[in-house]
Amino acid sequence: MPISAEELLSVARKYWRSDHEFDDKPENSPETELFHDAWEQALKKLDEWRALMGELRVELPHLNIGHATATCDPCFKCMVYTNQEPVSSDPQEDEPRSRLWTVVGCLSVLAPVYTVYGVQYDYKGREVRGAARVFFEPLPAQMQALAQVVARKIEARYGAEALPRKIAETRVPLIVHRKEPPETTLFHALFTPEPENLPL
Numbered sequence: 024m025p026i027s028a029e030e031l032l033s034v035a036r037k038y039w040r041s042d043h044e045f046d047d048k049p050e051n052s053p054e055t056e057l058f059h060d061a062w063e064q065a066l067k068k069l070d071e072w073r074a075l076m077g078e079l080r081v082e083l084p085h086l087n088i089g090h091a092t093a094t095c096d097p098c099f100k101c102m103v104y105t106n107q108e109p110v111s112s113d114p115q116e117d118e119p120r121s122r123l124w125t126v127v128g129c130l131s132v133l134a135p136v137y138t139v140y141g142v143q144y145d146y147k148g149r150e151v152r153g154a155a156r157v158f159f160e161p162l163p164a165q166m167q168a169l170a171q172v173v174a175r176k177i178e179a180r181y182g183a184e185a186l187p188r189k190i191a192e193t194r195v196p197l198i199v200h201r202k203e204p205p206e207t208t209l210f211h212a213l214f215t216p217e218p219e220n221l222p223l
């Protein structure tokens, strides 16, 4: 039976607070201690996540596979980078414009759920121009096949459940780093509050 938003909120409450009571205290909050404990257990399985990335490299040998896991976020994270593609630009511009698509797979360390999303970066020459654009399901056509590969690998190895977008976007009364209510969602609490923040 699929996990409900209510069940996931109950999980998230164990790891994130709804106030700033501990911001200026030297000790960690009980929630932060539980978060650290969750990561301590998860890191024992880091080699398994690396093995998953190895499988992706075998299946997608023409693309770059990146490891973006950071223990400040509540998930393992991998990225599949497409090759930069030229886009139309003003002939008078001195540098060409191009676009890079990135498919990101996240496996929560707090609940048995995962998500796959996409990020678009626009370049002028070698510099990223403008803010990255984040896409959730349904993903643009350029990302769909890659997203299916990543999702299939995560499901096969971990038996995790894909978190539906409707549930992922459920607002929660919790503070996740700099993300505060009413903006905070289950996606932020279970995966990352900054989906666009990726190494390039």
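Per the working numbering, numbering of the sequence shown is gapless, rising by one per residue and ending at 223. Just so you know, even glycine gets a beta-carbon here, dropped at the ideal spot from N, CA and C. None of the values given here were measured: they were computed from a predicted structure.
The distance from the Cβ of V142 to that of A154 is about 10 Å, inconsistent with a contact at the 8 Å cut-off.
Secondary structure at V34: helix, using DSSP grouped into helix, strand and coil.
Per DSSP, reduced to three states, the secondary structure at Q167 is helical. Around the CB of G128, 16 or more other CB atoms lie within 10 Å, so the residue is classed as buried. For the beta strand (DSSP E) assignment, the uninterrupted runs of no fewer than 3 residues enclosed by the segment 36-110 are, from N- to C-terminal side, 87-90 and 98-104. For L213, the secondary structure class from DSSP, reduced to helix, strand or coil, is helix. Closest option to Y146, judged by alpha-carbon separation, among S111, T208, F159 and V136: S111. Three or more beta-carbon pairs separated by less than 8 Å are not found between the segment 50-65 and the segment 208-216, which leaves the two stretches without contact. Between the alpha carbons of Q167 and K37 lies a gap of roughly 34 Å. For A191, same chain residues with a beta-carbon under 6 Å away, outside a window of 5 residues either side, are L209 and F210 in chain order.
Secondary structure remark: continuous beta strand (DSSP E) runs of at least 3 residues inside the segment 123-199, in chain order: 136-147 and 156-158.
Closest in C-alpha terms to T105, from the list D47, L169, A93 and L162, comes L169.
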